[in-house]
Amino acid sequence: MQTRRDTSKTTNSNRFKIGRWAKAYQKIANKKKAILQWQYQIKQKPSQVTLNRDKDGFD
Numbered sequence: 215m216q217t218r219r220d221t222s223k224t225t226n227s228n229r230f231k232i233g234r235w236a237k238a239y240q241k242i243a244n245k246k247k248a249i250l251q252w253q254y255q256i257k258q259k260p261s262q263v264t265l266n267r268d269k270d271g272f273d
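Just so you know, the sequence shown maps onto residues 215 to 273 in this note's numbering.
Next comes the structure, spelled out in structure tokens:
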């Protein structure tokens, strides 16, 4: 496995890092989207949201 050139190894590792970063970024983006949707719901109809939260057992 050591017969390969250094350049190929670095490109592979960089590609792997970029892939992991993209996945993490997507997770963060999804969380942000969910929070924004939740805040929007509260603005639209606060009574219903509070009722749902009471059912779930949150304050």
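Ideal placement from N, C-alpha and C gives every residue a C-beta, glycine not left out.
Length of the line joining the Cα atoms of residue i and residue j
i: A238; j: K231; result: 11 Å
i: G255; j: I242; result: The displayed chain sequence assigns Gln, not Gly, to residue 255. Approximately 20 Å between the Cα atoms of the pair.
i: Q240; j: K247; result: 10 Å
i: K257; j: A236; result: 31 Å
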